[in-house]
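Protein chains in written order, with our numbering: chain A, 1 to 495; chain B, 10001 to 11032.
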């Protein structure tokens, strides 16, 4: 046997099994990796200060000091009605059942679900609005708990998108492109910033349960996929039933000790193999098996809420102890970012109210309102809100004109990409601010439009990333999350 | 495509040492273009709109143009060249500008300076110039591939590795050619074969297996973006698998790659296309489609055409056309107009904008097998016999037109009975809400007429007797329905209803408390309230106008129902009454019928005949036309024959149903077809579907060989495009193709960016080798098996993959191939290997996608409520153990065993999969039920076939997994682990039994569960070895 190889083998083995074992192994491994990258590109190689991390950041990132270290994105899938939640239009009452003026609609394209309607009667919101907190942000009675966090958030009333239907719009809001195949926001961020957790994935996704009666649109794994980035940046779904993380449980009859026996043998044999081929990829594999083993412990610990105080659990509201609910996802989101996970995305379905909006919207809000407010308060009480960015919103808005039958008590609304509301809170975001304005019909933006690309640029900015410089070569282009056109960081909403 | 391993800068350094030798001749394509492309072309390139300062550096003319007293480049004189001044300055006007964030390195500046000094010679981009077959360098190696590689290696002072040992070699080759590992017997035979051509024999053997085509197809299906669902919104199932099976067949039959190309791009346009050629054309139909409510059709017609264009351009030309959808390509000379000229080839596709959420979105091809064809032919003959008999009846008919009689007959009232003593002949009668249909005779209760009546008693619920298929009735002109009913005075119902079925249950009459029967929307023809309940204890005649119920004259009624809520009712003598004035009725008078004119009678005529007669009165018809219409009238409309012909028609209908049942059961595949009248195509400004600019004609980019118009003046089509791609002087097709096959075996292509041969792509590591392979491929008649054979018989492929520290330092990315690459096996191969060594693999070839083990809640949390792929219904039995190629692929939620190992979700074309190494993969290989069950089955084999002692068994199993003998220390480590597992499972029989029983297949009852469990852990260990999951 080659004496040099033999030396490397022995050295590695000694380090690997020495002392605290795994952690030390990680360091040894990283130093070997630093000589020559594993399966990643040269530029992916860990900066030396991050050598011990499983998910190191890209060299040179963040581009500048970040206000937010992590992101929790609450996506309300199906398009919540801005008119019934956040975009207060008291003047609409007098237009009840009157035709939407042509000067407002201005010949804009509408979906083929209502383009055949003979009338476009105005449907004022039936819900009462309140000015909330000291900031006086308007919110409707549908979200009584969110009303209590008004002073923590910036409400953006002028977000707009290009897509008019769910599939392309969801793909756009999450990947910056209507055409499938691009990496999701979370994948971009975990690619750029890595993660501080060695025991959990960098990017975690929840798809919580939703009201049974609701009009749920489909989700697509492309909304958390890595697209053309390496697939290790895929969001990992934390599931409400079955294994919380796929395959994290040992098969029936196999316990941790059995797994450890098997893994010890596997590590030794893989080191032997490394001595034969000297393939750095083998060392990466050894480390990944060790991380898998740690996840087998860290995931159950994560999902075990017994260490949470009763007060905290109550704050998130009913359902918090029921795996798979929005409330449970919200508290787990906090536990994940607490443990160093970079991005958590919660995709709650059922917000597509083409008819029976008042009743169905109420069900939706009952599902998310309390836990969403609790998440903000909980982060705040732990001192984490300052460096955690929270985003709340859907893929587009809903029309002021009624779809289907209109009464004072009952109405429906079609898709409206021209303006909708989203709010942001935490790391880097101003407190208690409202930004952007729409006309009296919530049909057109009258000031400070925020294109979704600009919103994403702003999210990246809060995380210390300059979206223009954050690229990945694919199909002959330096691809960006925010596309090829100019973008603008919305500095007006920054703290 | 996914491309995760773009060339690191290290490589450029390897090739172009920082110290530039004064006399080194620089090549524009190799040395200069990559720098200009990356740092300058975005603002000074081909895209005229984004061009700054009116300067372009992508052509010599642009670089040397007079910019008002100075030039960007003065050949031979860097000091006078504005380019050099601007890149070498420290001032604010430095190029590239600071905010471009792509500064030039000192080395790059030096290279540019040296190039200008050398006269700044430009070259056309290498891949846009047709390859010329280079001479093979002199070499002792028989395979020209090695001659080219060796030349380069010796320039770099590197030595190739020696040949790999035979066990490593047979495992590598068998995995690469069939996607499965070799058996111990095959290994033994190969090791023992001392023939000089042993290796070549093995290649031949493997290429002749059906598993070869299965494995080769897999790579192509990534490019074709093949899947089993539509991909957007509902993501419903799509029937496309015959295309997948055709790709397997094409590789196994070694279909020439030129035909392989032609058939897929334009199989439908070939002369009298064969079934396979049509199936192949489905390549163009593999794109994702939608049927989302509210979508705007033009947008999707546009998007599908863009997808098809970009896919064809990527797959055959290795170019990234997507950029030019919105603007002129910044880096390659592809204008937006040229993109849309290519797009025009695909823009007239005949498939609808909305896929309809059905599995058989037209145009489709139904694949009826031979025995079914024969069966259908026999059925058609029988149907023809019946036609004959009908015709005979009609011939013997002595028809006198009542309108021509003098005096004309007076109007008469007719009652047509629909129910008497039972439902109509053939009706498929059903009942609900109580016991089956009960027909009573007079001795058992009231009967109004005939022999029997229908009686039903209901508890406090809806009950009914009805049919919805098997018999058809027609609503006459001004018909009035009637029915007799008898309500039990002791137990009267609360509501009664008569319902009619046309294409659905849509027309109803109700008496009494209508809310009790919650069918239909009240106050519409779906639910017409006729009044209170009739009197009890007597027969009452109920009447209802057909029109009032929304049943127009001529409507075909395919069923009716007697419905009630609670109580007891008897129904009898149901039918329709109408007036017939035979002399004025088109159903009785031929003259009256034809006088109505074609506009009215047209809907009763076949389309072709209707079009033929359009606009002409009956007295202008030819004799043949009149005869045709009259025959149709007599058999289909004339009321005097309908009852006589009814039984014949019923039998014919039965035959037709049988034929269509066979058809429906036959597989369907999407095929390509163009609209008869092509769509006009336009440049879509900024890529917006609703913003057409200049109109374009079909054509190809100017920087590539010409595609002249056709001599007969007919428009160019996809077949012309395919033939143009296959021109021997086309610079891209053959290069792109051989490069991708190279990549399949070596992990990386000679051109690393296998989907981008443009100027943003990487230049080839071995340009002459690439050109030699491409030209030889064409010279061989585009023979794919031959190409593969040439690659795998090279020394480069057969050499060892052991890596020395020197190699790692000198050539970390293995671009020079002084060693064989070590690559992690692909998703499908990993699963198939586990099934294969376990003996579970079911080698059946082809057929619809199967649904093997999948954890719960992969489809469900994302699926749309109405989607037919919302719930994953796992198969059982042999379908669990088919090759992974046959796994059902749902694009919006692909199987985790695929996605976690970098398989694309097939939403778009993929030229190269990533090769990541993650903890999720480790968890899956250790814990996924399919891998654990495979380990258990493998454990049984180890115990039964591996020998008597634990040591022998480990040695045997090791060889099955890795193909080589285990070393003593290796056996020792595995044995120690096995001993520990044994002792632990012996202490806990319950755990052993649990593990031994995991999975659907049953464990071998003759093996003690403790043993089986311990060996399962051993098998699990072996299948997780780095060596097992890697091609060595």
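Quick reminder that beta carbons are idealized off the backbone N, C-alpha and C, glycines included.
No experiment lies behind these values; they were computed from the predicted model shown.
Contacts that residue i makes with chain A (C-beta to C-beta distance below 9 Å)
{"i": "residue 10803 of chain B", "result": "277, 278, 279, 280"}
{"i": "residue 10994 of chain B", "result": "251, 252, 253, 254"}
{"i": "residue 10899 of chain B", "result": "221, 225, 231, 234"}
Under 7 Å by beta carbon: chain A residues contacting residue i
{"i": "residue 10916 of chain B", "result": "39, 230, 231, 232"}
{"i": "residue 10855 of chain B", "result": "242, 243, 246"}
Helix, strand or coil at residue i according to DSSP, with G and I counted as helix
{"i": "residue 10990 of chain B", "result": "helix"}
{"i": "residue 10909 of chain B", "result": "coil"}
{"i": "residue 46 of chain A", "result": "Any reading at residue 46 of chain A is ruled out, since the residue's pLDDT is 34, under 50, leaving its predicted position unreliable."}
{"i": "residue 10566 of chain B", "result": "strand"}
{"i": "residue 223 of chain A", "result": "helix"}
{"i": "residue 10839 of chain B", "result": "coil"}
{"i": "residue 10579 of chain B", "result": "strand"}
{"i": "residue 10998 of chain B", "result": "coil"}
{"i": "residue 26 of chain A", "result": "Confidence at residue 26 of chain A is low in this model, with a pLDDT of 34, below 50, so the placement of that residue should be treated as unreliable; the coordinate-derived value is given next. Correct three-state label for residue 26 of chain A: helix."}
{"i": "residue 39 of chain A", "result": "Its pLDDT being 30, under 50, residue 39 of chain A is placed unreliably by the model, and the measurement read from it follows with that caveat. Residue state, collapsed to three classes: coil."}
{"i": "residue 31 of chain A", "result": "Legend: pLDDT at residue 31 of chain A = 35, less than 50; position of this residue unreliable, value from coordinates given subsequently. Residue 31 of chain A falls in the helix class under three-state DSSP."}
{"i": "residue 10574 of chain B", "result": "strand"}
{"i": "residue 10965 of chain B", "result": "coil"}
Cβ-Cβ separation, residue j to residue i (assumed contact under 8 Å), whole Å
{"i": "residue 10314 of chain B", "j": "residue 10722 of chain B", "result": "The Cβ separation is near 15 Å, so there is no contact."}
{"i": "residue 10028 of chain B", "j": "residue 10332 of chain B", "result": "Actually they are not in contact, since the Cβ atoms of residue 10028 of chain B and residue 10332 of chain B sit about 15 Å apart, beyond 8 Å."}
Alpha-carbon to alpha-carbon, residue j and residue i
{"i": "residue 10101 of chain B", "j": "residue 465 of chain A", "result": "14 Å"}
{"i": "residue 344 of chain A", "j": "residue 203 of chain A", "result": "6 Å"}
{"i": "residue 10918 of chain B", "j": "residue 10966 of chain B", "result": "27 Å"}
{"i": "residue 10367 of chain B", "j": "residue 10275 of chain B", "result": "8 Å"}
{"i": "residue 10932 of chain B", "j": "residue 10875 of chain B", "result": "18 Å"}
{"i": "residue 10977 of chain B", "j": "residue 11019 of chain B", "result": "11 Å"}
{"i": "residue 10167 of chain B", "j": "residue 10219 of chain B", "result": "25 Å"}
{"i": "residue 10418 of chain B", "j": "residue 10424 of chain B", "result": "6 Å"}
{"i": "residue 10850 of chain B", "j": "residue 10724 of chain B", "result": "38 Å"}
{"i": "residue 10398 of chain B", "j": "residue 10372 of chain B", "result": "41 Å"}
{"i": "residue 10733 of chain B", "j": "residue 10354 of chain B", "result": "33 Å"}
{"i": "residue 10154 of chain B", "j": "residue 10816 of chain B", "result": "10 Å"}
{"i": "residue 99 of chain A", "j": "residue 10293 of chain B", "result": "24 Å"}
{"i": "residue 10643 of chain B", "j": "residue 10510 of chain B", "result": "31 Å"}
Contacts that residue i makes with chain B (C-beta to C-beta distance below 9 Å)
{"i": "residue 112 of chain A", "result": "10293, 10294, 10295, 10296, 10297"}
{"i": "residue 364 of chain A", "result": "Simply none; closest approach about 15 Å."}
Within chain A, partners of residue i - CB distance below 8 Å
{"i": "residue 10862 of chain B", "result": "207, 218, 219, 220, 221"}
{"i": "residue 10977 of chain B", "result": "261, 262, 264, 265"}
Contact list for residue i against chain B, beta-carbon separation under 7 Å
{"i": "residue 323 of chain A", "result": "Those within 7 Å of residue 323 of chain A in chain B number zero; the least Cβ separation is about 11 Å."}
Heavy atom of the ligand SAH within 7 Å of residue i beta-carbon
{"i": "residue 10936 of chain B", "result": "As for the ligand SAH, it is missing from this structure, which has no ligand bound."}
Short-range partners of chain A found in the stretch 10711-10738 of chain B, where Cβ spacing is below 8 Å:
Those would be none; no residue qualifies.
Quick one, which residues of the stretch 154-166 of chain A are near chain B if we go by CB-CB under 8 Å, in chain order?
So the list reads 164, 165, 166, given in the order they occur along the chain.
Mind listing which residues of the stretch 238-258 of chain A have their C-beta closer than 8 Å to chain B's C-betas, in chain order?
Cβ contacts with chain B: 239, 240, 241, 242, 243, 245, 246, 247, 248, 249, 250, 251, 252, 253, 254, 255, 257, 258.
Can you give me, in chain order, the residues of the stretch 413-435 of chain A that have a beta carbon less than 8 Å from any beta carbon in chain B?
Of all residues in the stretch 413-435 of chain A, those with a C-beta nearer than 8 Å to a C-beta of chain B are 414, 415, reading in chain order.
Against chain A: residues of the stretch 10912-10939 of chain B by CB proximity under 8 Å:
Sequence-ordered contacts of the stretch 10912-10939 of chain B with chain A read 10914, 10915, 10916, 10917, 10918, 10919, 10920, 10921, 10922, 10923, 10924, 10926, 10927, 10928, 10929, 10932 [C-beta pairs closer than 8 Å].
Scan the stretch 10335-10346 of chain B for residues whose Cβ lies nearer than 9 Å to a Cβ of chain A and list them as they occur along the chain.
Taking a C-beta cut-off of 9 Å against chain A, none of the residues of the stretch 10335-10346 of chain B qualify.
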